[in-house]
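End of the sequence shown sits at 252 in the working numbering; the numbers just go up one at a time, nothing left out.
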Amino acid sequence: MIQAIIFDYGGTIDTNSTHWSEVLWEGYQAVGIPVCKEEFRTSYVYAERALAKHPYIKPHHTFHDLLVIKCDLETSDLVDRGIWKSSEEDRKRLSDMVADYCYKYVLEILKVSRPVIARLTEMYPLVLVSNFYGNIETILADFDLQYFKHIVESAVVGIRKPDPRIFQLGVDALRKVTGKSDKELPASNILVVGDSFSKDIVPANEIGCKTVWIKGVGWGNEETDDSIPTFIIKNIAELENILG
């Protein structure tokens, strides 16, 4: 019996199980940045680590702001490493075009994911558990996704997936907002929905939650085991079929 749901955000709600590296790579190809995928991925990792280490993202930044900053870090690294021979003016212009491409991509995905979440919130208390940069509440407001009773954001709580403790915070938050004890709302009656096998499904399984793995286009080097998730789907729209 499912009594409550924990959602991941990035890759689950905003891209419907397509890894963000793949979305950005589509943007690079669409605007014609002349680099190979392997070199792009190196700069993608560089930018992700830089965003985790330095406070480039502020709480007031919208998702488009975040994309502009992320793409700027990536494309600057490509130029700095000599992979992309570009003037600063062209680099910035194409970088911003990638950000615009990805933003429009997300707006299209939200036409599918937002109605699903809106309907589920009428039946279940929802909590968001996300590895994010400290601006998730601004993004949820920007995208009209203010359906969650509580938000557990890695930059705020100081714990990142795949540490199971971040999901335990989500479980604890659900018990608090519903006023239920651990016996009245056991972890086994909480469903965790995510796109990452290692960062969502495995740690949520470790603390006893049921899980839905939205299995899509991932990073490409992750070992997985289809026997671990409670359910496997390919599109967030299928979630309602599981929950009846």
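Ideal Cβ positions, reconstructed from N, Cα and C, are used throughout, including at glycine.
With a 10 Å radius around its C-beta and 16 neighbouring C-beta atoms as the bar for buried, classify residue i as buried or exposed.
{"i": "residue 229", "result": "exposed"}
{"i": "residue 44", "result": "exposed"}
{"i": "residue 207", "result": "buried"}
{"i": "residue 115", "result": "exposed"}
{"i": "residue 126", "result": "exposed"}
{"i": "residue 123", "result": "exposed"}
To which residues does DSSP link residue i through a beta bridge?
{"i": "residue 161", "result": "138"}
{"i": "residue 221", "result": "202, 240"}
{"i": "residue 15", "result": "136, 201"}
{"i": "residue 26", "result": "225"}
Specify the secondary structure class of residue i as computed by DSSP and reduced to three states.
{"i": "residue 199", "result": "strand"}
{"i": "residue 61", "result": "helix"}
{"i": "residue 68", "result": "coil"}
{"i": "residue 92", "result": "coil"}
{"i": "residue 51", "result": "helix"}
{"i": "residue 37", "result": "helix"}
{"i": "residue 184", "result": "helix"}
{"i": "residue 85", "result": "helix"}
{"i": "residue 170", "result": "coil"}
{"i": "residue 231", "result": "coil"}
{"i": "residue 329", "result": "Since the first residue of the chain shown is 9 and the last is 252, residue 329 is not available in this structure."}
For the alpha helix (DSSP H) that contains residue i, what are its first and last residues?
{"i": "residue 43", "result": "Taken as a continuous stretch (DSSP letters only), residue 43 belongs to no alpha helix (DSSP H), as it is neither H nor E."}
{"i": "residue 191", "result": "First-last for residue 191: undefined, no H or E at that position."}
{"i": "residue 4", "result": "No answer is possible for residue 4: it lies beyond the span of the chain, which begins at 9 and ends at 252."}
{"i": "residue 215", "result": "Residue 215 -> no alpha helix (DSSP H), and no H or E assigned at all."}
{"i": "residue 146", "result": "144-150"}
{"i": "residue 154", "result": "That residue, residue 154, is in no alpha helix (DSSP H); it is neither H nor E in DSSP."}
{"i": "residue 10", "result": "Element bounds for residue 10: n/a, residue is neither H nor E."}
By Cβ distance, which residues of its chain are closer than 6 Å to residue i, with the 5 residues on each side in sequence left out?
{"i": "residue 214", "result": "172"}
{"i": "residue 83", "result": "99, 103"}
{"i": "residue 154", "result": "148"}
Which same chain residues, not among the five before or five after residue i, have their C-beta less than 8 Å away from its C-beta?
{"i": "residue 14", "result": "134, 135, 136, 137, 175, 178, 179, 182, 198, 199, 200, 201, 212, 217"}
{"i": "residue 67", "result": "142, 143, 145, 146"}
{"i": "residue 10", "result": "132, 197, 198, 199, 218, 251"}
Please go through the same chain and pick out, in chain order, the residues whose beta-carbon is closer than 7 Å to the beta-carbon of residue i, but skip the five residues on each side of it.
{"i": "residue 105", "result": "39"}
{"i": "residue 33", "result": "45, 48"}
{"i": "residue 94", "result": "87"}
{"i": "residue 31", "result": "23, 110, 113"}
{"i": "residue 117", "result": "22, 23, 24"}
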